[in-house]
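Start counting the sequence shown at 1; every next residue gets the next number (UniProt numbering).
For reference, the structure discussed in these notes is given below.
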Amino acid sequence: MAKMAASMVETGEDAFRKMFKRYRTKHPPPDFSDVLDFSTGKQSDKIIPVKLDKAAVSDVEVTRVGLQPVRNWRAFSLLEYPGFVFISNPFQPGCQAFWVRQCLKTYPQKPNVCNLDMHMSPSETQNIWEKSVPVLKTSPAVKRQAKTLVERLRWVTLGYHYNWDTKAYSADHHTPFPPELHLLSRHIAAACGFPKFSPEAGILNYYHSDSSLGIHVDESELDHSHPLLSLSFGQSAIFLLGGLCRQDPPTAMYMRSGDVMVMSGQSRLRYHAVPRILVAPRGQTPVEVEGCGPTTALQASSVVEPLSQEDWAVCCRYIQSSRVNVTLRQVLGPGQNFPDSTFPTPKTPGGQEGENHDGASGRDKRKRSSVETAET
Ligand code: OGA
Ligand code: MN
């Protein structure tokens, strides 16, 4: 059969799956010409500008968390995707490094939960960063067999900890949500018209060059009227945003370091996936180039702080080949409680459906490793 041209929109039952496989294929590399790129400012008949609420957060407040004033943010939506907002890297130059360090050093710490806890004892997963740094600091030229714990991170959960087996959050598995990440998310949500958003759960996904995230919908949260926020750091990815049905063909877009995505309203329950990570040549990753210091002086009340040289060296090395994505979710509606856990509510068929990278069903292959990786 003749090879399908990349520009042809496939429809039908497997449209999303086919697109996923196409972008995941390494040899020959796919045609990326249809991938939307919000960073270039290039016009597309699919991209529409979005007006943010510039008065929702003051310049002082956004600067504290390392963001630019809201009036400088470049925000877009897509035609036929109401509620979807893409903000092209709203961070201040030099400030992403702080968030990268939080994701690699701080958030994997107890009491947060990570994939390593699934098969290692609490003492083994204590001080993940400290145990990894001595090895990560050594010359990359030195070949080594074992990966450090930081390199073996696949997911971390925050707040209400998502349970990959039951595909649910529960009242009895909750730890304090990191306050600085809470603040960052609230400011982004407020600028997008959600002043009441309060993140209660976070999922961090760690991607390497061969990782992918299967086709899924995030619907385990009990209230879908709140937006879902997504922040990306490090290497770029191809993100596929589909429809409310698995059959709907998705739109492909680049998600680069610092980019923020908001899925709300009619786009809150859209299918989506990450078929591919695009590793830039050494020295060309924007965060790496920016470095670890904000170009302007930090306020005394700043949440963002400069990194030690050691922290920066390790973070920089990590993001030269990897990507971290943080999704922020409000789980409960106002005044809402979890249903009595002794009487679990049955899941509707098709709920929280997903795929791993080769198209098998079940997002929660993430049970063991959130992000599917070809590496062992
Ligand atoms: C998720 C998710 C997207 C990404 O964690 O649910 O969809 O860009 N992540 O990694
Ligand atoms: Mn998701």
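Every residue, glycine too, gets a C-beta built ideally from N, C-alpha and C.
Bear in mind the structure is a predicted one, so any value in this text is a computation, not a measurement.
DSSP bridge partner residues for residue i (one or two, in chain order)
i           : result
residue 201 : 159, 329
residue 263 : 84, 228
residue 236 : 278
residue 49  : 76
residue 174 : 160
residue 168 : 163
residue 372 : 212
residue 67  : 91
residue 241 : 251, 272
residue 323 : 207, 234
residue 217 : Paired residues: none, contrary to the question.
residue 113 : 157
Option nearest residue i by Cα separation, candidates the options
i           : options            : result
residue 286 : 157, 216, 96       : 96
residue 205 : 76, 327, 79        : 327
residue 336 : 248, 222, 133, 240 : 222
residue 208 : 64, 277, 44, 49    : 277
residue 225 : 106, 331, 275, 178 : 331
residue 189 : 265, 238, 146, 174 : 265
residue 340 : 258, 169, 283      : 169
residue 107 : 155, 49, 134, 284  : 155
residue 153 : 47, 303, 128       : 128
Three-state secondary structure (DSSP) of residue i
i           : result
residue 208 : coil
residue 103 : helix
residue 38  : coil
residue 304 : coil
Host alpha helix (DSSP H) of residue i (start-end)
i           : result
residue 132 : 128-136
residue 63  : 59-64
residue 184 : 179-191
residue 289 : 286-290
residue 144 : Neither: residue 144 is in no alpha helix (DSSP H) and is coded neither H nor E.
residue 314 : 309-319
Alpha-carbon spacing of residue i relative to residue j, whole angstroms
i           : j           : result
residue 18  : residue 322 : 25 Å
residue 351 : residue 269 : Because the pLDDT at residue 351 is just 35, under 50, the model does not fix this residue reliably, and the value given afterwards should be weighed accordingly. Taking the straight line joining both Cα atoms gives about 11 Å.
residue 196 : residue 186 : 8 Å
residue 149 : residue 105 : 11 Å
residue 333 : residue 200 : 11 Å
residue 193 : residue 159 : 23 Å
residue 122 : residue 15  : 43 Å
residue 62  : residue 27  : 43 Å
residue 85  : residue 143 : 43 Å
residue 77  : residue 110 : 37 Å
residue 234 : residue 316 : 9 Å
Enclosing beta strand (DSSP E) for residue i [first to last residue]
i           : result
residue 252 : 251-255
residue 27  : Premise fails: residue 27 is in no beta strand (DSSP E) and is neither H nor E.
Test: residue i CB closer than 8 Å to a CB of chain C
i          : result
residue 37 : Of the chains in the structure shown, none is chain C; there is only one protein chain.
Any non-hydrogen atom of the ligand FMN closer than 7 Å to residue i Cβ
i           : result
residue 259 : The ligand FMN is not part of this structure, which contains only the ligand OGA and the ligand MN.
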